[in-house]
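K.L.:
In this note's numbering, the protein residues as written are 1 to 326.
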């Protein structure tokens, strides 16, 4: 901020005004003050063409408040917010400004620590602005705008692969460390090398022809003789090898294993929640008993203190009587 600002802003000689927020991030009030007292006066003084001014920012809510929209409309300023989750590619500060500045600031802090002149709350602002003037140069700013494709405008600077999702994935879910332990057998996924879990391949045409005399296709000699043709073959579809191959259930897929894992996990979590509630109830009961015991103990301590005081008074009276007798 320029010098002379009021309110919660603190004026530092040679730097200007700065302020602080509760969480360390900008908020609606701070952004509105900066837009009103810094950006608008500076850009209007630099805008010799008198054309509308474009302000590019990320999608933070403080950058598009109703007050800022009214000020922007009155001063012919266009507010443009970058798409979400793209600042690492499109935000010039993230692309090419913050990196050199952070390296320069880290180097300065290390050197200051070696020279026994560390950065404190009192000299932070001056040193910060000094490093900013050294590291954030017009060349770096122009390069950041160029690398992000904002200026000169370059729509083809990024490809679809730059914003494509990751190709690496896993069919086995990873649970947080706070989750209860899960049996590893649930996660067993059949592989091509596991012959016991894979169904037999469907028979070929030659195998079907040769299986006419094989026991896999049931034939009834009595029925064949009854038909009058001893060479006839009665094929029962229910026991045919081809039918068996078709009717045999497929092996469990990874999705089924995951669903089984999810159901088992939910059941176990529900069981743990029930046990947790019971333990909490017992804990509350023990806490109540402990509170009662502490009250009794406190009463006993008070009674003991009073008894000690009475005993001490009696001793003093006894000593006084002994002195009188003497």
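Think of the CB as a built atom: it goes at the ideal place given N, C-alpha and C, for glycine as much as any other residue.
Report all residues from its chain with a CB closer than 6 Å to the CB of residue 26; omit the five preceding and five following residues, and keep chain order.
P.N.:
Closer than 6 Å at the Cβ level, and outside the excluded window around residue 26, lie 62.
K.L.:
Kindly list the residues whose CB is nearer than 7 Å to the CB of residue 213, restricted to its own chain and excluding five residues on each side of it in sequence; keep chain order.
P.N.:
Bear in mind that a pLDDT of 46 at residue 213, under 50, signals an unreliable position, so the model cannot answer this.
K.L.:
Would you mind giving the Cβ-Cβ distance between residue 76 and residue 100, rounded to the nearest angstrom? I have them listed as a contact below 8 Å.
P.N.:
Not a contact, Cβ separation roughly 33 Å.
K.L.:
Output the boundary residues of the alpha helix (DSSP H) element that contains residue 90.
P.N.:
Looking at the DSSP string, the run of the alpha helix (DSSP H) that includes residue 90 is 87 to 90.
K.L.:
Going straight from the alpha carbon of residue 130 to that of residue 47, what length do you get?
P.N.:
C-alpha separation (whole angstroms): 27 Å.
K.L.:
Put residue 227 into one of helix, strand or coil per three-state DSSP.
P.N.:
Per-residue confidence for residue 227 stands at a pLDDT of 42, beneath the threshold of 50, marking its modelled position as unreliable; the derived number appears in the next sentence. Correct three-state label for residue 227: coil.
K.L.:
Please name the residue, chosen from 289, 285, 15, that lies closest to residue 133 on a Cα-to-Cα basis.
P.N.:
Residue 15 is the option with its Cα nearest to residue 133.
K.L.:
So residue 125 and residue 30 are in contact, right, with Cβ under 8 Å, and what is the actual spacing, rounded?
P.N.:
Actually they do not touch by this definition, with Cβ atoms about 15 Å apart.
K.L.:
Per DSSP, residue 77 forms a beta bridge with which residues?
P.N.:
Beta-bridge pairing links residue 77 to 53.
K.L.:
Flag this pair as yes or no: are the beta carbons of residue 90 and residue 148 separated by less than 8 Å?
P.N.:
Contact: yes.
K.L.:
For residue 255, does the count of other Cβ atoms within 10 angstroms reach 16, so buried, or fall short, so exposed?
P.N.:
With a pLDDT of only 47 at residue 255, under the threshold of 50, the placement of this residue in the model should not be trusted; the figure read from the coordinates follows. Residue 255 should be labelled exposed.
K.L.:
Measuring only the C-alpha atoms, how far is residue 329 from residue 298?
P.N.:
No answer is possible for residue 329: it lies beyond the span of the chain, which begins at 1 and ends at 326.
K.L.:
Nearest to residue 105 by alpha carbon, out of 92, 136, 94?
P.N.:
Ranking 92, 136, 94 by Cα distance to residue 105 puts 136 first.
K.L.:
For residue 17, name the three-state secondary structure that DSSP assigns.
P.N.:
Strand at residue 17.
K.L.:
Whose C-alpha, out of 102, 54, 82, 121, is nearest the C-alpha of residue 18?
P.N.:
Ranking 102, 54, 82, 121 by Cα distance to residue 18 puts 121 first.
K.L.:
Using a 10 Å radius around the Cβ and a threshold of 16 neighbouring Cβ atoms, would you call residue 72 buried or exposed?
P.N.:
Buried is the call here.
K.L.:
Determine the DSSP secondary structure at residue 110, reduced to helix, strand or coil.
P.N.:
Note: residue 110 maps to helix in three-state DSSP.
K.L.:
What residues in its chain sit with their C-beta under 6 Å from that of residue 8, if we drop five residues either side in the sequence?
P.N.:
Closer than 6 Å at Cβ, skipping near neighbours: 19.
K.L.:
So residue 68 and residue 79 are supposed to be a Cβ contact under 8 Å. How far apart are they, rounded?
P.N.:
Going by Cβ atoms, the distance from residue 68 to residue 79 rounds to 7 Å, so yes, they are a contact pair.
K.L.:
What is the DSSP secondary structure of residue 136, counted as helix, strand or coil?
P.N.:
Coil, per DSSP.
K.L.:
Can you tell me whether residue 269 is buried or exposed, with buried defined as 16 or more other CB within 10 angstroms of its CB?
P.N.:
It is exposed - the Cβ of residue 269 has fewer than 16 other Cβ atoms within 10 Å.
K.L.:
Give the DSSP bridge partners of residue 12, in chain order.
P.N.:
16, per the DSSP bridge assignment.
K.L.:
Per DSSP, what kind of secondary structure is residue 284 in: helix, strand or coil?
P.N.:
DSSP places residue 284 in helix when its eight states are reduced to three.
K.L.:
Determine the direct distance from the alpha carbon of residue 274 to that of residue 306, and round the result to whole angstroms.
P.N.:
Approximately 48 Å, taken between the alpha carbons.
K.L.:
Secondary structure at residue 66, three-state DSSP: helix, strand or coil?
P.N.:
Three-state result, residue 66: helix.
K.L.:
Would residue 95 and residue 140 be called neighbours here (beta carbons separated by less than 8 Å)?
P.N.:
No, the pair does not count as a contact, with Cβ atoms beyond the cut-off.
K.L.:
Roughly how many angstroms separate the alpha carbons of residue 362 and residue 123, rounded to a whole number?
P.N.:
What the structure shows of the chain is the stretch from 1 to 326, and residue 362 is not part of that stretch, so it cannot be assessed.
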